[in-house]
Amino acid sequence: MAEAEGESLESWLNKATNPSNRQEDWEYIIGFCDQINKELEGPQIAVRLLAHKIHSPQEWEAVQALMVLEACMKNCGRRFHNEVGKFRFLNELIKVVSPKYLGDRVSEKVKTKVIELLYSWTLALPEESKIKDAYHMLKRQGIVHSDPPIPMDWTLIPSPPPRPKNP
Amino acid sequence: LGEESEERDDHLLPM
Chain A
1 MAEAEGESLE SWLNKATNPS NRQEDWEYII GFCDQINKEL EGPQIAVRLL AHKIHSPQEW
61 EAVQALMVLE ACMKNCGRRF HNEVGKFRFL NELIKVVSPK YLGDRVSEKV KTKVIELLYS
121 WTLALPEESK IKDAYHMLKR QGIVHSDPPI PMDWTLIPSP PPRPKNP
Chain B
1001 LGEESEERDD HLLPM
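If you're matching them up, the sequences are chains A and B in order.
Its first residue numbered 1, the first sequence is counted upward by one per residue in my numbering.
Its first residue numbered 1001, the second sequence is counted upward by one per residue in my numbering.
Written as structure tokens, this is what we have:
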């Protein structure tokens, strides 16, 4: 796609989470995933950008960012899983649901989605132990009362680790 | 070494 030349992670994500999108735009979501796989430090940069969008006060922007995150978990392989599986990123999700941080200002829809994602990853990625630690801490704190039902099509099937292409 | 120190610095948010 010629017009995609020169797109950066940030520009893909801005398009994929644009609050004026009427519905999720898979062209941009997949464009963001592909760009992560192309860049050497793609996963590290991507999780920082995603955390910022997930904290958006605009519900639709945050919801789209969570959809992008879920798509990346399915399409960007182990390199991306490793970044999500660090407390540095998990803390950004915890902030969304905790009343001590942003929880009181975030919509139930966004909080529910964050908890669904965390729980689905504890099942799909048992080797990422920090995800389990974070989720169980939320349970101990009473922020998560019971495990959410996970839709069947949300089952995360990890893809083989992508090889970063040399520039 | 870099990875080890990153691991040491990676903490769960205080609640």
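Ideal Cβ positions, reconstructed from N, Cα and C, are used throughout, including at glycine.
Only a predicted model underlies this, so the values are computations on that prediction, with no experimental measurement involved.
For chain B, the residues of the region 73-94 of chain A that bring a beta carbon within less than 7 Å of one of its beta carbons are LYS86, PHE87, ARG88, ASN91, ILE94, in chain order.
The DSSP-derived three-state label of A/GLN64 is helix. Distance between A/SER11 and A/HIS136, taken at the CA atoms: about 35 Å. The way I'd put it, the region 27-47 of chain A does touch the region 65-75 of chain A; three or more beta-carbon pairs between them come closer than 8 Å.
Nearest to A/PRO149 by C-alpha distance, out of A/HIS81, A/LYS53, A/ILE115, A/ASN21, is A/ILE115. At a cut-off of 9 Å between beta-carbon atoms, A/SER129 makes no contact with chain B. A/TRP60 and A/VAL110 have their alpha carbons spaced roughly 9 Å apart.
Ranked by how close their Cα comes to the Cα of B/ASP1010, the residues A/GLY85, A/HIS81, A/ILE29 have A/GLY85 in first place.
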